[in-house]
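The sequence shown runs -23 to -1, 1 to 601 under mature numbering (1 follows the signal peptide of the UniProt record, and there is no 0).
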Amino acid sequence: MLNWRLAVLGFCLSFLLALPATSQSLVGNRSDQAAIMLDGRELFQVSRLDDYSAADRVAQPNKQLAGAVEAPELPQVEVQLKPNFVTLRLADQHLLTVTERDRRFGMAATEQAKVWQRQLNRALKTAQLERTSAYRYQALFESVGILLAVVVLHFGVQWQRRRLRVGKKKNFILLGLTALQLSLWLGGAYYICERFPRLRLARYAVAKTFSQPLFELRSGAAYGLIDLMLFLASAVGLWVVVRGFTLLLKTRILKMTGVERGVQDAIAILTQYALTLLGLLVILQLAGVDVSSLLILGSALGVGIGFGLQNIVNNFFSGIIILLERPIEVGDFIHVGDLVGTVERISPRSTEIRTLDQVTIIVPNAHFTEKEVVNWSHGNPVARIHLPVGVAYGSNIATVQIALLEAVKDHPDVLAYPQPQINFQGFGESSLDFDILVWLCEPRQQYRIKSDLYYRIEASLQQYNLEIPFPQRDLHVRSQPLDQLLALMIQKQQPEQPHLYYPGHPQDSEISRQPTIEAHNLQPLQSIPKFNLDLETLATQMRAGLTIADRRYRLNLYPQCFVGSEAVDWLMETQKATKEEAIRLGQALMSKGVIHHVLDKHPFADAYLFYRFSSDEASDTGKP
């Protein structure tokens, strides 16, 4: 497969380099040579002579040949030798002079004239034959046969297109079949035109229109429509070759070096830009364009274009910076602005992000270099999320802690280490506020995991009869009795009596006393009830009552541990508790750090799981 790709790449490169050279040769020779034509067939080329251009030299001979074909008797072309030159004559009239420029290399003028004589006589005879009725019927019959064959082949290819199955190579196969159908029609049309003189003349006129010069450079090179098409084909061929080479470089060569994917993308894209620029310069140089003057013009236009396309240039260089520094890579889960999603593709100007709603957003690359970007996948993909929860006032805090831990610890996507944490945030307006901290290894699944955990938290709070309060407001309205309000209204309606001040009057000299708060009136607040549990005594009793020994599981040895189911049975027997209460007691011991699972992966449960007292901690890497 690799050799096949290299062969195709070499062929395309050779074809690409040959196109501009061919175009240059055609451009350079167009004004120096012209063709002697008969019925749309090119017989040979003649060169210019002094002040006569090649087109002027062939204009009269072509008219003479066209008129000779229509004559009743076919005239013959003869060679006439003169002292200083050789001429060709048709029906005793001068047809063409053979000059030194017309001679082929190593051939005398007389020999060249005889070669042209044979070609002209043969062409005249063929042209007269093509004007007979027998030839026309035969050509018409062959043309109808060719047309029917093209139609049958066209529908055969169309039937094959419908049978194609959906796959990665379907687009390439469809493109090849379309090119085949187009080639069939073009080939059939070319053959039919070749059989009839008038159609052949029309075909030559169309080709001449394409080859007619449209503009001319200062260097003297003239360019027509066919030259522009050749240049466009060369540019397309360059793009195909460069894309194929960069793909081969990325998938074969760079992959063997073992470098990271981001570095591979950066090298491949920079190589593609460099080869494309170099190839365009080579094509322009081979086509006869002065590249130095073009570079000066490009530098002058670059300043003006730079101001107009400032944002595009900024995004382009931002894309190069992203490819080199790699703050984000394909497959990363990021948060930029209001967008949260996965990076699908990084192009030179923009980056494609697929959101959690499976919607693709195109973001300019400048956003990633000018703004803050949260990359959940950069470095260590482990992330911590917060789950705020509020419970009603009067709830037992220790019970709330046990209920929340039981809800989040058993979730399969929550890491056992680092362990989940329950933080008491404070006293809210209508609830006791807690913050649950859990660690995840898949940040892109955090929204789904949050939903699952809230479902578990709600079920656990209901199991422990813990209430989630509604937001509430207390409104206290204070009003005086109705008789006092009426007396006050009557007093306001009466005119105000003048008040005379008498010194020493008890009503005026005595300072009214306002009620104040005295220190001895303050009552101490009652202490908040706590979860009364003598864990140290319980741990000592468990240590003495359980069988603590070295245990083996699947070829792994776990020293100084006990079985969870045995501990549950012991707690039920000694503490007179039910199984659920015994499990809660064990979980409380784990929350206080008295005991723990040997691998810190499971909560306290009535199962064949190994637990160990923290005081007997020893290094262990096995798995129960």
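We treat Cβ as the ideally placed atom computed from N, Cα and C, and that holds for glycine.
Element boundaries [beta strand (DSSP E), containing residue i]
i           : result
residue 400 : 398 to 404
residue 339 : 337 to 341
residue 131 : No beta strand (DSSP E) holds residue 131; the alpha helix (DSSP H) holding it covers 110 to 139.
residue 410 : 409 to 417
residue 18  : 18 to 24
residue 351 : 350 to 352
residue 15  : 10 to 15
residue 65  : 63 to 67
Local conformation of residue i per DSSP, three classes
i           : result
residue 187 : helix
residue 305 : coil
residue 590 : strand
residue 394 : coil
residue 360 : strand
residue 76  : coil
residue 344 : helix
residue 370 : coil
residue 290 : helix
residue 327 : strand
residue 53  : coil
residue 448 : coil
residue 81  : coil
residue 29  : strand
residue 259 : helix
residue 313 : strand
residue 266 : coil
residue 321 : strand
residue 443 : coil
residue 381 : helix
residue 333 : coil
residue 174 : helix
residue 38  : helix
residue 420 : helix
Nearest neighbour of residue i, chosen from the options [CA to CA]
i           : options               : result
residue 391 : 369, 39, 364 and 234  : 364
residue 156 : 340, 179, 180 and 131 : 131
residue 297 : 321, 250, 524 and 221 : 250
residue 541 : 567, 552 and 377      : 567
residue 373 : 340, 69 and 401       : 401
residue 292 : 531, 432 and 339      : 339
residue 397 : 381, 406 and 404      : 381
residue 309 : 357, 288, 40 and 343  : 357
residue 313 : 225, 345 and 406      : 345
residue 65  : 87, 77 and 82         : 87
residue 175 : 216, 140 and 107      : 107
residue 409 : 433, 377, 576 and 594 : 377
residue 405 : 548, 447, 245 and 426 : 447
residue 371 : 266, 341 and 443      : 443
residue 80  : 450, 63 and 441       : 63
residue 216 : 241, 246 and 203      : 246
residue 317 : 323, 350, 110 and 520 : 350
residue 322 : 139, 299, 515 and 133 : 299
residue 186 : 202, 172 and 177      : 202
residue 71  : 59, 77, 82 and 85     : 59
residue 200 : 266, 83 and 577       : 266
residue 207 : 173, 35 and 260       : 260
residue 375 : 411, 387 and 354      : 411
The alpha helix (DSSP H) enclosing residue i, as first and last residue numbers
i           : result
residue 218 : 202 to 225
residue 434 : 423 to 440
residue 92  : 86 to 106
residue 232 : 231 to 234
Within-7 Å CB hit, residue i to chain D
i          : result
residue 82 : Absent from the structure is chain D; it holds one protein chain and no more.
Do three or more CB pairs link the segment 551 to 563 to the segment 575 to 589 at distances below 8 Å? Output reads yes: the segment 575 to 589 touches the segment 551 to 563.
Segment contact flag, the segment 9 to 29 with the segment 47 to 59, C-beta cutoff 8 Å, min 3 pairs: The segment 9 to 29, when compared against the segment 47 to 59, does not touch it at the 8 Å Cβ threshold.
Whole beta strand (DSSP E) elements within the segment 522 to 586, 3-residue minimum: Counting only unbroken stretches of 3 or more residues, the beta strand (DSSP E) elements lying wholly within the segment 522 to 586 are 526 to 530, 533 to 540 and 572 to 574, in sequence order.
Could you say if the segment 346 to 362 and the segment 416 to 427 meet the contact criterion of at least three C-beta pairs nearer than 8 Å? Touching, yes.
If we count Cβ pairs, one from each stretch, closer than 8 Å, do we get three or more for the segment 53 to 67 versus the segment 93 to 107? At 8 Å Cβ cutoff, the stretches touch.
Are three or more beta carbon pairs between the segment 223 to 234 and the segment 206 to 214 nearer than 8 Å? No, they do not touch.
Does the structure place the segment 9 to 16 close enough to the segment 25 to 42 that three or more beta carbon pairs sit under 8 Å? Yes, they touch.
Three or more C-beta pairs closer than 8 Å, one from the segment 247 to 267 and one from the segment 302 to 310: is that the case here? Too few Cβ pairs lie closer than 8 Å, so no.
Segment contact, 8 Å Cβ cut-off, at least three pairs: the segment 149 to 167 with the segment 114 to 129: In short, these stretches touch, since the Cβ pair count reaches three.
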